[in-house]
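Adding 5 to a residue's 1-based position in the sequence shown gives its number in the numbering used here. Even for Gly, the Cβ is constructed at its ideal location relative to N, Cα and C. Following: one structure in structure tokens, then a few remarks.
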Amino acid sequence: MDFPCVQWQDHVAQKWIGLDPQLKETLTSQLEIDDLFKCTLTLTTQDDLEFVQSISPGYSVQKDAELAARCRERGNSSFKTRDYAAAALHYSQGICFAPPGSDQASLCYANRSAALYHLQHYQESLDDMDCAVKNSYPSHLLHKLEDRRTSCLKHLSGGQRATEDHHHPASKNPNAPDRVEGASVGLLTFGIHPQAAVGFSPEKGRHLVAAGGVAAGEVLLHDRPYGCVLIPGTEEVRGKGGGRRHAEAAVLFGTEHRRCHRCLSETLCPVPCEGCSYSRYCSIPCQRDAWEEHHRWECPLGADLKMMGVMSQLALRVALKAGLENIKIARVSTRDEHADESSGSDPCHSNPSDPCTSYHGDSYPSVFHLQHHLKLHSPEVRFLCAVTIATLFLKMSKAGAPPASGALSRLLGADSRSPEEEGNTTNMWLLGSAVLRHVLQLRCNAQAILTLQDTGAANAPVQSHSEIRIATAIFPTLSLLNHSCCPNTSLRFSTGAILSADGSGSVTEYASTARGVTVTVRASKAIPPGQEILHCYGPHSSRMATRERQRLLQEQYYFLCQCEACTQEQEKKKEEAEAEGSESRLQWSGVGGGLMCGKCQGSLNQSSEEGAKGFVCLQSSCGHRVSASEVSRRLQGIKADLEKAVDLMERERPDEALRLLRRTQSQPGLILAETHPVQGELADAIARAYATMGDWNNAASHLERSAVAIGAQYGEDSIELGRQLFKLAQLHFNGGARGPALSVIPKVRRLFCLHGGPLCDEIQELQAMEDCLF
Numbered sequence: 006m007d008f009p010c011v012q013w014q015d016h017v018a019q020k021w022i023g024l025d026p027q028l029k030e031t032l033t034s035q036l037e038i039d040d041l042f043k044c045t046l047t048l049t050t051q052d053d054l055e056f057v058q059s060i061s062p063g064y065s066v067q068k069d070a071e072l073a074a075r076c077r078e079r080g081n082s083s084f085k086t087r088d089y090a091a092a093a094l095h096y097s098q099g100i101c102f103a104p105p106g107s108d109q110a111s112l113c114y115a116n117r118s119a120a121l122y123h124l125q126h127y128q129e130s131l132d133d134m135d136c137a138v139k140n141s142y143p144s145h146l147l148h149k150l151e152d153r154r155t156s157c158l159k160h161l162s163g164g165q166r167a168t169e170d171h172h173h174p175a176s177k178n179p180n181a182p183d184r185v186e187g188a189s190v191g192l193l194t195f196g197i198h199p200q201a202a203v204g205f206s207p208e209k210g211r212h213l214v215a216a217g218g219v220a221a222g223e224v225l226l227h228d229r230p231y232g233c234v235l236i237p238g239t240e241e242v243r244g245k246g247g248g249r250r251h252a253e254a255a256v257l258f259g260t261e262h263r264r265c266h267r268c269l270s271e272t273l274c275p276v277p278c279e280g281c282s283y284s285r286y287c288s289i290p291c292q293r294d295a296w297e298e299h300h301r302w303e304c305p306l307g308a309d310l311k312m313m314g315v316m317s318q319l320a321l322r323v324a325l326k327a328g329l330e331n332i333k334i335a336r337v338s339t340r341d342e343h344a345d346e347s348s349g350s351d352p353c354h355s356n357p358s359d360p361c362t363s364y365h366g367d368s369y370p371s372v373f374h375l376q377h378h379l380k381l382h383s384p385e386v387r388f389l390c391a392v393t394i395a396t397l398f399l400k401m402s403k404a405g406a407p408p409a410s411g412a413l414s415r416l417l418g419a420d421s422r423s424p425e426e427e428g429n430t431t432n433m434w435l436l437g438s439a440v441l442r443h444v445l446q447l448r449c450n451a452q453a454i455l456t457l458q459d460t461g462a463a464n465a466p467v468q469s470h471s472e473i474r475i476a477t478a479i480f481p482t483l484s485l486l487n488h489s490c491c492p493n494t495s496l497r498f499s500t501g502a503i504l505s506a507d508g509s510g511s512v513t514e515y516a517s518t519a520r521g522v523t524v525t526v527r528a529s530k531a532i533p534p535g536q537e538i539l540h541c542y543g544p545h546s547s548r549m550a551t552r553e554r555q556r557l558l559q560e561q562y563y564f565l566c567q568c569e570a571c572t573q574e575q576e577k578k579k580e581e582a583e584a585e586g587s588e589s590r591l592q593w594s595g596v597g598g599g600l601m602c603g604k605c606q607g608s609l610n611q612s613s614e615e616g617a618k619g620f621v622c623l624q625s626s627c628g629h630r631v632s633a634s635e636v637s638r639r640l641q642g643i644k645a646d647l648e649k650a651v652d653l654m655e656r657e658r659p660d661e662a663l664r665l666l667r668r669t670q671s672q673p674g675l676i677l678a679e680t681h682p683v684q685g686e687l688a689d690a691i692a693r694a695y696a697t698m699g700d701w702n703n704a705a706s707h708l709e710r711s712a713v714a715i716g717a718q719y720g721e722d723s724i725e726l727g728r729q730l731f732k733l734a735q736l737h738f739n740g741g742a743r744g745p746a747l748s749v750i751p752k753v754r755r756l757f758c759l760h761g762g763p764l765c766d767e768i769q770e771l772q773a774m775e776d777c778l779f
């Protein structure tokens with residue numbers, strides 16, 4: 006939930022409607038964030054605090070022994086069916102709900118140790134047994150723990166430590182070395198690499214350009230977020246033998262249950278916050294660092310922050326991490342921050358006149374000086390943000406003033422020259438104004454952290470993934486990149502521990518401060534010297550029509566996109582020919598796709614005749630016409646059949662799914678060209694059905710057809726095509742087709758090297774596959 010809950014938005018909207026017109030004008034005309042925050046503070050009343058109090062119980066983060074017991078019972082049910090991963094997640098949820106030292110805490114720890122033992126996580130099982138004893142595990146049951154402890158030690162001492170799976174990338178043992186999640190992290194030099202340089206122009210502000218010729222696949226920058234917040238959302242826990250709708254997958258877990266709230270690593274055995282039931286971590290170092298940096302101030306406000314949304318929480322987290330001294334320094338260093346706000350340039354860069362020249366994950370000035378576009382936000386949005394932060398800080402003020410920056414213990418301003426109370430009030434005002442600034446910045450500068458999620462059945466013969474958004478972050482260096490609907494870069498996110506090299510070239514692994522998220526930006530195509538380095542803010546030319554992309558970018562980022570993809574004459578002609586309405590948007594939902602005439606199999610094109618909403622065959626000897634409503638009906642029907650087929654496969658009925666898909670494909674009338682995205686989806690679904698039934702040859706044949714559509718839509722050098730060809734290599738491998746497999750593997754390797762680097766997990770898997778075939 007990026008924005009505040011609906012009840013709070015409605016409350017603030019009514020507050021805005023009830024304001025005196027002159028006061029509205031005063032708020033709307035404010036040109037400085039300080040003035041807006043001061044004015045809004047005077048309008049925030051006890052009624053606002055009481056309204057928050059009335060709805061926050063619905064977002065409770067309190068410990069609850071009764072809820073912990075229910076989670077333990079659900080874990081026991083999963084354990085009995087030998088679904089140990091789901092059992093561990095249920096027990097983990099129970100541990101987070103259980104008050105420290107309670108019976109439920111000890112029982113949940115003991116039960117989770119049993120689940121981890123069966124998953125061959127022996128060290129983690131030992132750790133949980135220790136936690137169970139520390140939480141007063143019943144003495145008459147201790148013999149169970151001792152027997153399990155003996156078995157774990159036997160496995161560990163015998164060299165049978167199991168390979169850790171991707172569900173647990175780090176041990177909770179603070180004395181154990183942190184593990185890198187995926188070889189792609191490697192040795193990182195954070196910041197801008199020599200291949201790129203910071204440029205400036207009045208139209209674009211600060212941006213990155215190629216310092217010399219950049220080859221496709223070269224790394225341009227590594228960056229860490231200054232702050233990030235997990236996005237709450239449901240993910241189904243699949244049973245050990247079925248898909249997402251399997252009978253054993255009735256309980257839903259979200260990213261907030263499965264990932265560390267600091268470094269975002271996946272974990273089956275999180276370390277809970279001792280004060281709330283929400284926050285949890287992959288290790289004690291992550292728990293400790295989060296507490297020192299921000300969570301000791303967030304913990305008492307957990308329910309309020311959940312209802313106020315991810316953006317407000319991230320803005321607060323950024324300010325808390327910076328501390329009051331750094332905020333004051335950044336304020337003093339600010340020059341004319343409105344110098345280029347009317348330039349119409351992309352918003353994700355610093356003001357041209359600011360003195361900040363350092364761009365890296367720990368650079369608060371580079372975050373502080375990002376554009377906030379106060380004048381461009383609507384009055385209603387400004388008011389919502391300001392009232393939300395003002396209310397939050399009135400609640401915080403009751404708990405005491407926040408800390409100064411990490412190394413300082415005394416509060417900024419609370420010195421001998423002013424009473425302590427007055428100093429604390431000043432501190433709260435400075436921090437509140439900074440948080441409001443960051444909220445407004447995040448509307449234009451927030452970056453979604455994406456990862457691949459397994460969307461197939463747990464026992465599927467071929468991997469199936471989709472990209473999901475797990476967190477929102479602010480990256481100081483990445484924010485320098487301007488937008489293009491057809492970018493020349495590729496982004497890859499990593500979570501977990503980070504290996505860094507010091508100045509002497511030796512390698513140091515930081516067990517605490519270096520844990521976190523990293524983003525690597527690579528050139529996705531050759532970039533000539535001096536050309537701007539660009540990435541996509543979301544609307545991509547391969548997924549969305551020009552008019553829709555420009556509308557979304559204008560609404561969120563306040564600029565009219567004039568990138569190469571938007572200005573090409575071919576795109577302009579398509580936009581001019583495009584009719585209003587969902588029918589035309591549905592037809593052009595995949596650029597590069599197409600429709601074929603049901604009579605002569607020639608190409609269909611949209612009619613250029615005035616008032617004629619439809620499609621006409623380009624063959625002059627045919628001239629067959631199809632109405633826009635008929636095209637829309639047909640495409641929607643195919644989409645519905647696809648959903649039904651996926652549902653059937655997830656219920657382990659692939660034969661029925663295959664019959665349905667064949668019927669759909671052979672229906673007369675409208676014909677989808679091989680390059681149409683929906684044709685690609687159909688072919689992919691048919692391939693999945695054949696693969697589930699073990700018919701590898703037919704599965705590979707249809708997946709090849711799907712790859713044709715993927716290549717047409719996303720490009721022959723796209724990561725999307727790489728993922729599809731990766732599945733094709735798996736199919737050939739499973740079917741024992743040595744020659745076809747060895748033929749496709751180099752193509753897949755090239756695409757993953759281009760977008761993920763030579764050490765990414767997929768490359769390692771391809772190498773193992775190739776070694777086996779040879």
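Evaluate residue i with the Cβ neighbour count: other Cβ atoms within 10 Å of its Cβ, from every protein chain shown; 16 or more gives buried, anything less gives exposed.
i      : result
Pro143 : exposed
Glu145 : Note on residue identity: the sequence assigns His, not Glu, to residue 145. His145 is exposed by the Cβ-count criterion.
Glu655 : buried
Thr697 : buried
Ser438 : buried
Val11  : exposed
Pro26  : exposed
Ile22  : exposed
What separation, rounded to the nearest whole angstrom, lies between the Cα atoms of residue i and residue j?
i      : j      : result
Val219 : Gln200 : 7 Å
Gln684 : Ala678 : 7 Å
His545 : Ala712 : 19 Å
Phe388 : Ile332 : 23 Å
Ser495 : Ala714 : 21 Å
Phe498 : Leu759 : 15 Å
Leu226 : Asn487 : 14 Å
Leu325 : Phe398 : 12 Å
His540 : His374 : 21 Å
Lys139 : Tyr114 : 10 Å
Thr669 : Gln559 : 39 Å
Lys209 : Asp40  : 28 Å
Gln376 : Leu124 : 48 Å
Arg474 : Gln624 : 44 Å
Phe757 : Asp108 : 49 Å
Gly628 : Arg639 : 20 Å
Glu648 : Leu455 : 24 Å
Gln606 : Thr680 : 14 Å
Asp135 : Leu736 : 45 Å
Glu37  : Gln561 : 21 Å
Going by the DSSP bridge assignment, what does residue i pair with across the sheet?
i      : result
Ser495 : Arg527
Ala215 : Ala201
Arg630 : Val621
Cys233 : Ala478
Gln611 : Phe620
Below 8 Å on the Cβ atoms is my contact criterion, and I expect residue i with residue j to pass it. Report the Cβ-Cβ distance as a whole number of Å.
i      : j      : result
Cys568 : Cys491 : 7 Å
Asp228 : Val524 : 5 Å
Ser484 : Asn432 : The Cβ separation is near 27 Å, so there is no contact.
Asp7   : Val315 : 5 Å
Thr49  : Ala395 : 4 Å
Gly307 : Cys281 : 5 Å
Ser547 : Gly741 : That belief does not hold up - the Cβ atoms of Ser547 and Gly741 are roughly 35 Å apart, past 8 Å.
The segment 519-535 in contact with the segment 725-744 per 3-pair CB rule at 8 Å: They do not touch, by the three-pair rule.
At least 3 beta-carbon pairs within less than 8 Å: the segment 689-707 vs the segment 650-659: Contact holds: three or more Cβ-Cβ distances are below 8 Å.
Stretch-stretch touch, CB-based, cutoff 8 Å, three pairs: the segment 209-223 with the segment 553-570: Fewer than three Cβ pairs drawn from the segment 209-223 and the segment 553-570 lie within less than 8 Å of each other, which leaves the two stretches out of contact.
At least three beta-carbon pairs within less than 8 Å, the segment 24-31 to the segment 56-76: They do not touch, by the three-pair rule.
At least 3 beta-carbon pairs within less than 8 Å: the segment 149-163 vs the segment 114-127: Three or more beta-carbon pairs separated by less than 8 Å link the segment 149-163 to the segment 114-127, which places the two stretches in contact.
Inter-stretch contact (C-beta, 8 Å, three-pair minimum) for the segment 94-101 and the segment 48-65: The segment 94-101 makes no contact with the segment 48-65, as fewer than three CB pairs between them are under 8 Å.
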